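So in UniProt numbering, spot 104 of the sequence shown is number 104, and the numbers just go up one at a time. For every residue, glycine included, the Cβ atom is placed at its ideal position computed from N, Cα and C. Fair warning: this is a prediction, and the values are worked out from it, not measured in the lab. Encoded as structure tokens, the structure appears first; notes follow it.
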Amino acid sequence: MPSPHAPDHGDRSFDDLVAEGVAVPTEGWDFSWFEGRASEERPSWGYAVSMAGRMARAGAALDLQTGGGEVLDFALGRAGRTPPVAVATEGWPPNVAKATALLRPRGVAVVAAEEDSPLPFADGAFDLVVSRHPVRPQWEEIVRVLEPGGTYFAQHVGPASVFELVEYFLGPLPEEVRSKRHPDRERADAEAAGLEVVDLRAERLRIEFHDIAAVVHFLRKVVWMVPGFTVEAYEPQLRALHERIRDEGAFVAHSTRHLFDARKPR
1 MPSPHAPDHG
11 DRSFDDLVAE
21 GVAVPTEGWD
31 FSWFEGRASE
41 ERPSWGYAVS
51 MAGRMARAGA
61 ALDLQTGGGE
71 VLDFALGRAG
81 RTPPVAVATE
91 GWPPNVAKAT
101 ALLRPRGVAV
111 VAAEEDSPLP
121 FADGAFDLVV
131 SRHPVRPQWE
141 EIVRVLEPGG
151 TYFAQHVGPA
161 SVFELVEYFL
171 GPLPEEVRSK
181 RHPDRERADA
191 EAAGLEVVDL
201 RAERLRIEFH
211 DIAAVVHFLR
221 KVVWMVPGFT
231 VEAYEPQLRA
241 LHERIRDEGA
251 FVAHSTRHLF
261 DARKPR
């Protein structure tokens, strides 16, 4: 999300703000709508810029779960070239259409593929596999489609990310849920599948929600945070949070991210 100054929404009503949050389209991973409504610290490693450096050298690259293609589009623009073979996968049909429109002019083929299905590519087809915020890394499939010496370079969501907001709506969650996506566990899974982890870094980053419209849009867009979220189902909690933000200021949460740089042995 952008990192703006807190806005002044005056005395806009709960109903007006919620209606605005509901009306915004959720396709893709463009978070520019949050400008002036929410802010999120960025990881120090600058994933999209670092990805651009990898794309500048790649011969055959695969972007897994590309969303609307925005991050790959930025990285290719920054790199100044598209690898001779460039493919992206995406499982949600609205995002497949959006990514295709954005990436096809850059020479990237977008393939509709469910996130848990085997990857529809030959063994050793790519020297670079990237992904920003995959739902669940398919380590065996990643290793399979990488050529020997190839690289997996990705930014993952870490454990208990934005759980201050999640648990506001769902209540305290058990430790086995809070510890999912832990970088140490993912390192072990990656190594068990046959990757050598070259670098693994983790950071915890501050998020601020400045109005209830931002909360509503965020939970509609990132659907796995509060599964089955609707305004109707959570109206009492939303009203209370609206009043809290109005009286006390921004609702603060923290995201967790980790950077994976791994290699398939030669």
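Check your understanding: Leaving out the 5 sequence neighbours to the left and right, which residues in its chain are closer than 6 Å to Asp261 when beta-carbon positions are compared?
Key -> For the purposes of this step, residue 261 is taken as the residue at position 261 of the sequence shown. Phe153, Val198, Asp199, listed in sequence order.
Exercise for review: Return the first residue and the last residue of the beta strand (DSSP E) that Glu40 is part of.
Suggested key: Here residue 40 is taken as the residue at index 40 of the sequence shown, counted from 1. Run containing Glu40: 38–40, per the beta strand (DSSP E) assignment.
Check your understanding: Across which residues does DSSP place Glu191 in a beta bridge pair?
Key -> Your numbering for residue 191 matches position 191 in the sequence shown. Its beta-bridge partners do not exist; DSSP assigns none.
Review point. What are the partner residues of Arg201, as DSSP defines its beta bridges?
Key: Position 201 of the sequence shown, counted from the start, is the residue given in the question as residue 201. Arg201 pairs with Leu259.
Review point. Taking the beta strand (DSSP E) that Gln138 falls in, what are its first and last residues?
Key: Residue 138 sits at position 138 when you count from the first residue of the sequence shown. Here Gln138 belongs to no beta strand (DSSP E), and DSSP marks it neither H nor E.
Review point. Does DSSP classify Tyr152 as helix, strand or coil?
Key: Working through the sequence shown from its first residue, we reach residue 152 at position 152. Strand at Tyr152.
**Study point:** Inter-residue spacing [alpha-carbon to alpha-carbon] between Leu146 and Pro84
**Key:** For the purposes of this step, residue 146 is taken as residue 146 along the sequence shown, with counting starting at 1. For the purposes of this step, residue 84 is taken as residue 84 along the sequence shown, with counting starting at 1. Near 16 Å, if we compare the C-alpha coordinates of Pro84 and Leu146.
Review point. When you compare each of Val215, Trp224, His242 to Ala23 by their alpha carbons, which one comes out closest?
Key: As a first step, residue 23 must be located in the sequence shown, where it is residue number 23. Out of Val215, Trp224, His242, Val215 has the C-alpha closest to the C-alpha of Ala23.
Review point. Where does Ser32 fall in DSSP's three states?
Key: Looking up residue 32 in the sequence shown gives position 32. Three-state result, Ser32: helix.
**Study point:** Proximity to Glu90 [Cα-Cα], best of Arg78, Trp45, Glu70
**Key:** Counted from its first residue, the sequence shown places residue 90 at position 90. Out of Arg78, Trp45, Glu70, Glu70 has the C-alpha closest to the C-alpha of Glu90.
Practice item. Round the Cβ separation of Asp181 and His254 to the nearest angstrom and send it over; I've been treating them as touching at under 8 Å. Key: Start at 1 with the first residue of the sequence shown, and residue 181 comes out as number 181. Start at 1 with the first residue of the sequence shown, and residue 254 comes out as number 254. Before going on, a small fix: residue 181 reads as Arg here, not Asp. At roughly 14 Å, the Cβ-Cβ gap does not stay under 8 Å, so Arg181 and His254 are not in contact.
**Study point:** Check whether Gly194 and Lys264 have beta carbons under 8 Å apart
**Key:** Translated into positions along the sequence shown, residue 194 becomes position 194. Translated into positions along the sequence shown, residue 264 becomes position 264. It is a contact, given that the beta carbons lie within the stated cut-off.
Practice item. Using the Cα positions of Glu41 and Thr256, report the straight-line distance between them to the nearest angstrom. Key: For the purposes of this step, residue 41 is taken as the residue at position 41 of the sequence shown. For the purposes of this step, residue 256 is taken as the residue at position 256 of the sequence shown. Approximately 10 Å, taken between the alpha carbons.
Point to revise | Proximity below 8 Å, CB of Ala113 to CB of Ala86 | key: Along the sequence shown, one-based indexing puts residue 113 at 113. Along the sequence shown, one-based indexing puts residue 86 at 86. No; because the gap between Cβ atoms is not below 8 Å, this pair is not in contact.
Practice item. For the region 95–111 and the region 127–143, state whether three or more C-beta atom pairs, one from each stretch, are separated by less than 8 Å. Key: no
**Study point:** Among Val162, Gly171, Trp139, nearest to Arg185 - alpha-carbon criterion
**Key:** Position 185 of the sequence shown, counted from the first residue, corresponds to residue 185. For Arg185, the nearest C-alpha among the options comes from Trp139.
Check your understanding: Helix, strand or coil: how does DSSP classify Thr89 here?
Key -> On the sequence shown, residue 89 is found 89 positions in, with the first residue counted as 1. Strand.
Check your understanding: Per DSSP, what kind of secondary structure is Leu119 in: helix, strand or coil?
Key -> Stepping through the sequence shown from its first residue, residue 119 is reached at position 119. If DSSP states are grouped into helix, strand and coil, Leu119 belongs with coil.
Review point. Taking the DSSP output, what are the residues bridged to Ile207?
Key: Position 207 of the sequence shown, counting from 1, holds the residue named residue 207. DSSP, once it has assigned bridges, lists Glu40, Ala253 as partnering Ile207.
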